[in-house]
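Participant: Here the numbering used here is used: the first residue of the sequence shown is 604, the next is one more, and so on.
Cβ coordinates follow ideal geometry from the N, Cα and C atoms, glycine included.
Note that the coordinates shown come from a computational prediction; the quantities given were computed from them, not determined experimentally.
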Amino acid sequence: GNHTFSAYQAAYLKYDSSWPTLPSLPLFPYTLDYATTQHCALGSECPNEAFPGFWILPINGLTGKNGKKCNVLDNCNITGSAEKIGRWLVSEVDRVRTTTKVPLTLTVNAAWFEYTENALEGFRYFMDEMTTYRPDVFFVSQRQVMEWTKEPVTLDYFQTLFNKDERSCTPTTCILKKGNENRLMRSCAPCPKTYPWLGNPEGN
């Protein structure tokens, strides 16, 4: 609700990407410069005030088994051969490509790959199809979606920020003060002076 989004802004966060839309009302990213009219799922608390400058990147849903709407691949319950799973994902992207062209969030968790037979091979099939036959489809971060929405460019000029360089990390355990408590935090960057928290996300 409003308290959550106030905390987001206090922590200098720029956007939220956890809010699903109704399947019948797909949405492009938008700001909370004015109070939103986006549907609020039953049991959820959503903001009803304006938060100027803060972005919402809605989760536009998928259609899973038996026409069930879903937001996470694991919950869509599509099973079968790698080709069947891959073709289902292709069809979900094509549905958006040929209609609204809203950004499509593919939320993938480890459980889907671990417990759904052929999920990994199916996802590879899907990726190959996209990169080979659909030059107008891009795999990008949420931040890139937001930046493109702010300043859209044509297909000829768009470039992803994909970095092919592999990065390594040797994490260290930081022992940091938060009030009178010692807190442990694993980090690939140098340890901050204090435990990062609201109003001081960098731990200065």
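Closest to residue 644 by C-alpha separation, out of 674, 751 and 771, would be which residue?
Facilitator: Looking only at 674, 751 and 771, the smallest Cα-Cα distance to residue 644 is reached by 674.
Participant: How is the alpha helix (DSSP H) around residue 725 delimited, first residue to last?
Facilitator: Looking at the DSSP string, the run of the alpha helix (DSSP H) that includes residue 725 is 722-736.
Participant: Which residues in the same chain as residue 803 place their Cβ atom closer than 8 Å to its Cβ, once the five residues preceding and following it in sequence are excluded?
Facilitator: Annotation for residue 803: 797 place their beta carbon closer than 8 Å to its own, counting only its chain and skipping 5 residues before and after.
Participant: Around the C-beta of residue 608, are 16 or more other C-beta atoms found within 10 angstroms, so that it is buried, or is it exposed?
Facilitator: buried
Participant: Kindly indicate which residue of 655, 654, 661 and 688 has the alpha-carbon position closest to the one of residue 667.
Facilitator: 688
Participant: Less than 9 Å separating the beta-carbons of residue 680 and residue 650?
Facilitator: no
Participant: So which of 630, 701 and 730 has the shortest CA-CA distance to residue 752?
Facilitator: 630
Participant: Skipping 5 residues on each side, what residues in its chain have a beta carbon closer than 7 Å to that of residue 615?
Facilitator: 804
Participant: Can you tell me whether residue 695 is buried or exposed, with buried defined as 16 or more other CB within 10 angstroms of its CB?
Facilitator: buried
Participant: Is it a yes or a no for the stretch 645-664 touching the stretch 700-715, going by three-plus beta-carbon pairs under 8 Å?
Facilitator: yes
Participant: Less than 9 Å between the C-beta atoms of residue 693 and residue 732, yes or no?
Facilitator: Contact annotation: residue 693 and residue 732 have beta-carbon atoms nearer than 9 Å.
Participant: Identify whether residue 678 lies in helix, strand or coil by the three-state DSSP scheme.
Facilitator: helix
Participant: Please state if the CB of residue 779 and the CB of residue 613 are separated by a distance shorter than 9 Å.
Facilitator: no
Participant: Going by CA-CA distance only, name the one from 736, 656 and 793 that's closest to residue 777.
Facilitator: Out of 736, 656 and 793, 793 has the C-alpha closest to the C-alpha of residue 777.
Participant: Looking at the structure shown, is residue 754 part of a helix, part of a strand, or coil, going by DSSP?
Facilitator: coil
Participant: From the DSSP output, read off the bridge partner residues of residue 708.
Facilitator: Residue 708 is not bridged to any residue.
Participant: Pick out whichever of 656, 773, 682 and 636 has its Cα sitting closest to the Cα of residue 718.
Facilitator: 682
Participant: Determine the direct distance from the alpha carbon of residue 648 to that of residue 737, and round the result to whole angstroms.
Facilitator: 38 Å
Participant: Rounded to the nearest angstrom, what separates residue 810 and residue 783 at their Cα positions?
Facilitator: Here the chain covers residues 604 to 807 and nothing more, so residue 810 does not appear.
Participant: Looking at the secondary structure, which residues open and close the beta strand (DSSP E) in which residue 784 lies?
Facilitator: 784-790
Participant: Can you look up residue 692 in the DSSP assignment and give me helix, strand or coil?
Facilitator: helix
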